[in-house]
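Engineer: Can you keep this structure in mind? I'll have questions shortly.
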Amino acid sequence: MKDPEDGDNVEKYSDNNEELSDGKERWSCPACCKQGRVTRSGSTSSTCGARSETTAPLQPDQSTPTDTLTLILNQLSTMASDIKDIKNSQSQLRTDVAYCRNLLQQHSDSISRHDDLIAACETNIQNIQVTQTELSSNIANIESRLARSMETMHSGNGACSTPIAPSSQAETMELFRRSHNIILRDIAEGNDDINIVSEIIRHIEPSAENHRLSITRLGRTTSSNRLIRVVFSSPIIVSNILRKKNSILSHPTLRHVKISDDKTRGQMQELQHLREELRRRQTTGESNITIKYFRGKPSIVHTATQEITPSKN
261 MKDPEDGDNV
271 EKYSDNNEEL
281 SDGKERWSCP
291 ACCKQGRVTR
301 SGSTSSTCGA
311 RSETTAPLQP
321 DQSTPTDTLT
331 LILNQLSTMA
341 SDIKDIKNSQ
351 SQLRTDVAYC
361 RNLLQQHSDS
371 ISRHDDLIAA
381 CETNIQNIQV
391 TQTELSSNIA
401 NIESRLARSM
411 ETMHSGNGAC
421 STPIAPSSQA
431 ETMELFRRSH
441 NIILRDIAEG
451 NDDINIVSEI
461 IRHIEPSAEN
471 HRLSITRLGR
481 TTSSNRLIRV
491 VFSSPIIVSN
501 ILRKKNSILS
511 HPTLRHVKIS
521 DDKTRGQMQE
531 LQHLREELRR
541 RQTTGESNIT
551 IKYFRGKPSI
561 VHTATQEITP
571 SKN
């Protein structure tokens, strides 16, 4: 006897089967879907689900190892080119830096030379100031001598002790010009005057060599040795040389050279008058007298007492 419930189930199954048929759908057993169906070839297939779907096969990568290697090599070549450009840039930068350093060193050297020139100019300015002071003193002395000469001439007490005309401004200027010079005697004629004069100056006053301006032979060429005039930039240099001129006596080959100041015509006449007076006084029996210079002016003095005897001429 059938269970009423079984009949109901059959009816439900039939109803469901009809619904599936009407809907054109298929029903699959869940257990069969898990186990799969063994085909003749021995493989297992599953037909679960409404419709089987075909899956498209995967497309393999189209690039080959050769293409990949070529791409890598191209990238490496590009990187190598970039590295080379960087190295070239670094080399150019080093060259530019070296050039800048060299240029900076040149500017530094130029500034150093300018500093030396400025220091030399300052020294020259100081020397000029000292020379100007010395010249002012010399001019004052000359003016004083001119005034005394004028008084002597107007008083009629005797001849002027110096032949300088009181109103001769040209003589004053000539004195100033010649105060920069010295005269050298007894130097043989030749083409070596510059070296000989330099040797004499260095022996007497080494610093004076830097202030020497010119060297000139005086007069026409004759059988005798002409005088040499040496011009300096400052009368102070000349005074130092004349003060130390006796040191030439210690020179082994130039001790015979005579050194004196560059006298004007008036000074030469004055010195000649003094020499004549010296000979006259020595002829009359006066002894121990000679001519010496005091502040650039020659006078007859007693060698024992150094007493100054003024010239009568």
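At position 40 of the sequence shown the residue is numbered 300 (my numbering), and the sequence of numbers has no breaks.
Every residue gets a Cβ at the ideal spot worked out from N, C-alpha and C, and that includes glycine.
Since Asn441 sits in a beta bridge, which residues does DSSP pair it with?
Structural biologist: Per DSSP, Val491.
Engineer: What ranges does the alpha helix (DSSP H) occupy inside the stretch 443-520, keeping only unbroken runs of at least 4 residues that lie completely in it?
Structural biologist: Qualifying alpha helix (DSSP H) stretches, in chain order: 453-464, 495-503.
Engineer: Would you call Ser474 buried or exposed, if buried means 16 or more other Cβ atoms sit within 10 Å of its Cβ?
Structural biologist: Ser474 is exposed by the Cβ-count criterion.
Engineer: Helix, strand or coil: which one does DSSP assign to Lys552?
Structural biologist: Here Lys552 sits in strand by DSSP.
Engineer: Start and end of the alpha helix (DSSP H) containing Glu546?
Structural biologist: Per DSSP, Glu546 belongs to no alpha helix (DSSP H) and is neither H nor E.
Engineer: Please say whether Ile443 and Arg489 have beta carbons closer to each other than 8 Å?
Structural biologist: It is a contact, given that the beta carbons lie within the stated cut-off.
Engineer: If you draw a straight line from the C-alpha of Leu625 to the C-alpha of Gln389, how long is it?
Structural biologist: Residue 625 lies beyond the stretch modelled for the chain, which goes from 261 to 573, so this question has no answer here.
Engineer: Just verifying my parser: in three-state terms, what is the DSSP assignment at Lys344?
Structural biologist: Note: Lys344 maps to helix in three-state DSSP.
Engineer: Closest to Phe436 by CA distance: which of Glu537, Thr524, Glu459 is it?
Structural biologist: Checked all of Glu537, Thr524, Glu459; the closest Cα to Phe436 is Thr524.
Engineer: Going by Cα to Cα distance, which pick from Thr391, Ile402, Ile560, Ile456 is closest to Pro495?
Structural biologist: It is Thr391 whose Cα lies nearest to the Cα of Pro495.
Engineer: The ligand NAD and Glu459: does the residue's C-beta get closer than 7 Å to at least one heavy atom of that ligand?
Structural biologist: The ligand NAD is absent from the structure shown, which contains no ligands of any kind.
Engineer: What is the DSSP secondary structure of Ser559, counted as helix, strand or coil?
Structural biologist: Three-state DSSP puts Ser559 in a strand.
Engineer: Measure the alpha-carbon distance for Glu459 versus Asp521 and round it to whole angstroms.
Structural biologist: Roughly 18 Å between the two C-alpha positions.
Engineer: Checking 8 Å against the spacing of the C-beta atoms, do Asp452 and Val517 come in under that value?
Structural biologist: Going by C-beta atoms, Asp452 is not nearer than 8 Å to Val517.
Engineer: Within 10 angstroms of the Cβ of Phe492, are there 16 or more other Cβ atoms? Answer buried if so, exposed if not.
Structural biologist: Buried.
Engineer: If the criterion is Cβ atoms closer than 8 Å, does the pair His533 and Ile497 meet it?
Structural biologist: Not a contact, by the Cβ cut-off of 8 Å.
Engineer: For Thr324, name the three-state secondary structure that DSSP assigns.
Structural biologist: Coil.
Engineer: Short check: CB of His562 to CB of Ile508, under 8 Å?
Structural biologist: No, Cβ-Cβ distance for His562 and Ile508 is not below 8 Å.
Engineer: Quick check: the Cα distance between Leu364 and Arg354, rounded to an integer number of angstroms?
Structural biologist: C-alpha separation (whole angstroms): 15 Å.
Engineer: At the level of alpha carbons, what is the spacing between Arg361 and Arg515?
Structural biologist: Approximately 56 Å, taken between the alpha carbons.
Engineer: Give the C-beta separation of Pro558 and Glu536 to the nearest angstrom, bearing in mind that I take them to be a contact with Cβ-Cβ under 8 Å.
Structural biologist: About 13 Å separates the two Cβ atoms, so there is no contact after all.
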